[in-house]
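Peer 1: For reference, the structure I am asking about is given below.
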Amino acid sequence: MNVIDESGILAISTRLQRLADTLRKDGVLIYKANNIDFEPKWFPVIYTLHFKPVLSVVEIANEIGYTHPSTISLLKELEKEKLIRSKKDKADERKRLIQLTTKGHALVEQMKPVWEIMKGAAAELANTKNNLMKAIAEVEEQISEQSFFARAQRLRSSK
């Protein structure tokens, strides 16, 4: 066991980042093993547009829970790969509407069976005594009630 593992809750962010990195690296290997050229970081946008075919940048950011700048950076990458395209909203010229291209739709069709396999493997990993997905949802709920920062400030001022 290393120092980070021994530090317990203090290193929660580091441990979650490490877990996410491990899953992301294996995700790349799974896609490659299935002859799919895909970056896991593209997943939230591609998956969202698969279910909601035309969305504005703001709507995508809200759907995936990313900041506006992070979303724009991801969209630029996907547009460069020709997986998505944007067009101006006829009702509001300032608004860009994003949708999958033909190449994007074809990629989704190729990935669907792989997503099922990934879902099964991830379910096995998360199906622990303390169910990881339930625990994450509980922590997210706690954060929505009061942020990590606000809690730290409250604890600091009560000392």
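Numbering-wise (this note's numbering), the sequence shown opens with residue 178 and increments by one. Using N, Cα and C, we set each Cβ at its ideal position, and we do this for glycine too. In this text the structure is predicted, and so the values were computed from the model without any measurement.
Which parts of the region 240–321 are runs of the alpha helix (DSSP H), unbroken and 4 residues or longer, counting only runs that do not cross its ends?
Peer 2: Listed in chain order, they are 245–257 and 279–303.
Peer 1: From E216 to F228, what does the alpha carbon distance come to, in whole angstroms?
Peer 2: Along the sequence shown, one-based indexing puts residue 216 at 39. Along the sequence shown, one-based indexing puts residue 228 at 51. So the alpha carbons of these two residues sit roughly 19 Å apart.
Peer 1: Does the separation of the CB atoms of I223 and L274 fall below 9 Å?
Peer 2: Counted from its first residue, the sequence shown places residue 223 at position 46. Counted from its first residue, the sequence shown places residue 274 at position 97. In this structure, L274 does not lie closer than 9 Å to I223 by Cβ.
Peer 1: Within the continuous alpha helix (DSSP H) that includes A188, where are the two ends?
Peer 2: As a working note, residue 188 is residue 11 in the sequence shown. Element bounds for A188: n/a, residue is neither H nor E.
Peer 1: Label T199 either buried or exposed according to how many other C-beta atoms from any shown protein chain fall within 10 Å of its C-beta, with 16 as the threshold for buried.
Peer 2: Sequence index remark: in the sequence shown, residue 199 carries index 22 (1-based). Answer is exposed; the Cβ neighbour count stays below 16.
Peer 1: What residue does the alpha helix (DSSP H) around V222 start on, and which one ends it?
Peer 2: By 1-based counting over the sequence shown, the position of residue 222 is 45. It spans F220 to F228 - the alpha helix (DSSP H) in which V222 sits, taken as one unbroken run.
Peer 1: Please report the residue range of the alpha helix (DSSP H) in which F326 lies.
Peer 2: Counting from one through the sequence shown, the residue named residue 326 turns up at place 149. F325 to S334 is the extent of the alpha helix (DSSP H) around F326.
Peer 1: Closer than 6 Å by C-beta to K272: which residues in its own chain qualify, once you throw out the five before and the five after it? Chain order, please.
Peer 2: Counting from 1 along the sequence shown, the entry for residue 272 is found at position 95. Within the same chain, K272 has close Cβ partners S233 and D266.
Peer 1: Could you round the C-beta distance between V291 and N211 to whole angstroms and report it? I think they count as a contact, below 8 Å.
Peer 2: For the purposes of this step, residue 291 is taken as the residue at position 114 of the sequence shown. For the purposes of this step, residue 211 is taken as the residue at position 34 of the sequence shown. Rounded, the Cβ-Cβ distance is 5 Å, consistent with contact.
Peer 1: If we call anything under 9 Å between Cβ atoms a contact, is L251 one with W219?
Peer 2: Taking the sequence shown and counting its residues from 1, one reaches residue 251 at position 74. Taking the sequence shown and counting its residues from 1, one reaches residue 219 at position 42. Yes, the Cβ-Cβ distance between L251 and W219 is below 9 Å.
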